[in-house]
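The block underneath contains the structure these notes are about, expressed in structure tokens.
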DNA sequence: GATATGCTATACAGAAATAGATGAAGTCAG
DNA sequence: CTGACTTCATCTATTTCTGTATAGCATATC
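Residue numbers (our numbering), protein chains in the order written: chain A, 27 to 350; chain B, 27 to 350.
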């Protein structure tokens, strides 16, 4: 029985596909260019055909190579996750059991506005805990171990995930006081047509639902289009115009005014999600619980400020994880 | 930046955990025992602590090592899947595009009774196609690439899977003619209490539903308990007693008699499931379509024999895959 | 109690992979 | 057109890793 190719070849392969050259891959992997070339040669002879078209400008992946790329990506995610998991067991000097690395993914707004104080407190309590924070509005794949824990605005559909629903987060339209002084306060949704609107660039499935409820907010009406929610908020604060913003976030900026509060009302769900396998991991449990409590407190506080309702619904799809 | 450990270490690690010794892992991986020992040493120094307790009888994994094992398993599944995917692009001499390896998982009965003729025809049409068939009643993880295509009796709940529902398959109680001559034919479900029943050993979630509908068939009532469906069928054919069997399968054995056909009636759903990413792969599409058509034909034929109804419901949760 | 068999750990020679240096060829800016 | 830069391919010296052989130890068997 001929043995399989070395798994390291896959790592090199992925780097070459992504970098587009042997030299670039060598730099990334801290290898030399001839070594990378040998790895690719070995992989090609193992599969029996060419994976790249060589040129002087680099290597371009063939169709076959692109087909294999997702597998190599999974391998990379998984081995990174393995190392994170391993980091939780390092022998310790103080006896604290929450240590190692946890990778969290969240939306830009959540990661930039809500998480930092929560993570700061968490870190103070567990000085050996290392946090990796990935901000992206794309839903990353927990099953592929792209991250350990996710804070999401959509309900997770996959099995094998532990999800905990938090109280929803309100979305409203806001503008800077200066802008409204200058341009007037809109009295109805139709008034928005005469205003400078801040909105999205690329349409996502989540946005499509909002668009259906509020047709005024279509892409053509926007005076500023940005896919970065943080850029949108910054534009609102700069007095560019009227845009959507999470209510608790806007509340922190006293110059922002909530417009059409009754006419435009949306509540986004929020879930903390974790792979089921990780519930036995002390550090993941600690982070999970900290996120649940921290986000809940954030929501409650802002709910009390805005609507006066301090109740927090908190369902869990599977067994509750006892706080440590 | 210190570079990550070699991915090959993870492969060796998994082999050592599963084999329980350096020597055993070396045999499996076609390496030598000192090499395996060096790999483990390297991995342990990379993570910073011990992963195994050495003894004269072998190595036993620590708690930390067991935590890392699932990641290593995913790595192994994924790299095996990568190689299967790569096998589909081997340069060919005849120009046929359906070639390479496809891994199918199915239940014992389906794999042993229904699939072989379908696969035989498929192989005749595509001589360069290699089939790996894994028979197991446990639902293997398509997302983890344990297999490319699955024939299942439960509806897949996960996203990112293409599923196609086939007409259900009937389940009935059967016994050998000789047994019934000897012991009489039961006239009602309660009569079963006086018979030699063939049933399951370990209770699974799927069985629990059946048990709720037919409390007579509880575990204590069984004279023969076997988790292998094939063993159960063999026992029925040997005249041991009365047991459950898929109707189309029982129909092939003229000596088997359908008992309590009206009183005991069950229909199992059947799905052909594939990872969405594979729908662009010619060989996976070909196998998927062959399974859908083949199983549909099998069901229709038997349905015509048993109930006279030849209609086949065929829904697809996502876009239909055009036959090639 | 002696023997056989499994395991790990260690020492050393050889094989294999790697790094380094160089050459050739294409690309881009001036 | 020319020069600077980047790319891949090739050759050689060296480091690294692997395999072989051996020793030590515990357990099971007769």
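We put the CB at the ideal spot given by N, CA and C, even for glycine.
| Asked | Found |
| --- | --- |
| CA-to-CA distance, residue 298 (chain A) to residue 49 (chain A), given in whole angstroms | 41 angstroms |
| Nearest-angstrom Cα separation, counted from residue 78 (chain B) out to residue 305 (chain A) | 23 angstroms |
| Three-way DSSP call (helix, strand, coil) for residue 65 (chain B) in this model | helix |
| Residue 139 (chain B) CB to nearest heavy atom of the ligand GTP below 8 angstroms | No copy of the ligand GTP occurs in the structure displayed, which carries no ligand at all. |
| Within chain A, the residues that residue 32 (chain B) reaches when beta carbons sit closer than 7 angstroms | 34 |
| Burial state of residue 174 (chain B) (16 or more Cβ within 10 Å) | buried |
| Euclidean distance between Cα positions of residue 300 (chain B) and residue 168 (chain B) | 7 angstroms |
| Cα-Cα separation, residue 286 (chain A) to residue 126 (chain A) | 46 angstroms |
| Beta-carbon gap between residue 227 (chain A) and residue 183 (chain B) smaller than 9 angstroms | no |
| Test: residue 96 (chain B) CB closer than 9 angstroms to a CB of chain A | yes |
| Through-space distance from residue 190 (chain B) to residue 290 (chain A), alpha-carbon basis | 41 angstroms |
| Chain A contacts from the segment 257–282 of chain B (Cβ-Cβ distance under 8 angstroms) | none |
| Inter-residue spacing [alpha-carbon to alpha-carbon] between residue 268 (chain A) and residue 253 (chain A) | 15 angstroms |
| Neighbouring residues, chain A, relative to residue 105 (chain B) (Cβ below 8 angstroms) | 30, 33, 36, 97, 101 |
| Same chain, Cβ closer than 8 angstroms to residue 230 (chain B), five either side skipped, listed in chain order | 163 |
| Complete beta strand (DSSP E) runs within the segment 65–89 of chain A (minimum length 3 residues, chain order) | 78–81, 84–87 |
| Cβ-based contacts, 7 angstroms cut-off: residues of the segment 64–90 of chain A near chain B | 73, 74, 75, 90 |
| Span separating the alpha-carbon of residue 101 (chain B) from that of residue 100 (chain A) | 8 angstroms |
| Where the segment 180–192 of chain A meets chain B: residues whose CB sits under 7 angstroms from a CB there | 183, 184, 185 |
| Proximal residues, the segment 299–316 of chain A versus chain B, C-beta separation under 9 angstroms | 303, 306, 307 |
| Which of helix, strand or coil DSSP assigns to residue 272 (chain B) | strand |
| Contact set for residue 69 (chain A): own chain, Cβ-Cβ below 7 angstroms, skip 5 residues either direction | 31, 35, 39, 77 |
| Rounded separation between residue 342 (chain A) and residue 115 (chain A) - CA only | Caution is warranted here: a pLDDT of 38 is assigned to residue 342 (chain A), below 50, making its placement in the model unreliable, and the coordinate value is therefore given only provisionally. About 28 angstroms. |
| DSSP beta-bridge partners of residue 2 (chain A) | The structure shown does not extend to residue 2 (chain A), since chain A is modelled only from 27 through 350, so no value can be given for it. |
| N- and C-terminal bounds of the alpha helix (DSSP H) containing residue 193 (chain A) | Looking at the DSSP string, residue 193 (chain A) is not in any alpha helix (DSSP H); the run it does join, the beta strand (DSSP E), is 187–202. |
| Residue 295 (chain B) in three-state terms, based on DSSP | strand |
| Spatial neighbours of residue 196 (chain B) in its chain, beta-carbon cut-off 6 angstroms, leaving aside the 5 residues before and after | 273, 293 |
| Neighbour flag for residue 223 (chain B) against chain A, beta carbons, 9 angstroms | no |
| 8 angstroms contact criterion, which residue 107 (chain A) and residue 171 (chain A) should meet: CB distance rounded | 4 angstroms |
| Chain B contact for residue 53 (chain A) (CB, 9 angstroms cutoff) | no |
| For residue 303 (chain A) and residue 110 (chain B), the rounded distance between their alpha carbons | 27 angstroms |
| C-beta neighbour in chain A for residue 164 (chain B), strict 9 angstroms | no |
| Candidates B:157, B:238, B:262: closest to residue 4 (chain B) by CA position | Past the edges of chain B, shown from 27 to 350, lies residue 4 (chain B), and the structure says nothing about it. |
| Residues bridged to residue 285 (chain A) [DSSP beta-bridge criterion] | A:199 |
| Per-residue contacts from residue 108 (chain A) into chain B (C-beta, under 8 angstroms) | 36, 94, 97, 98, 101 |
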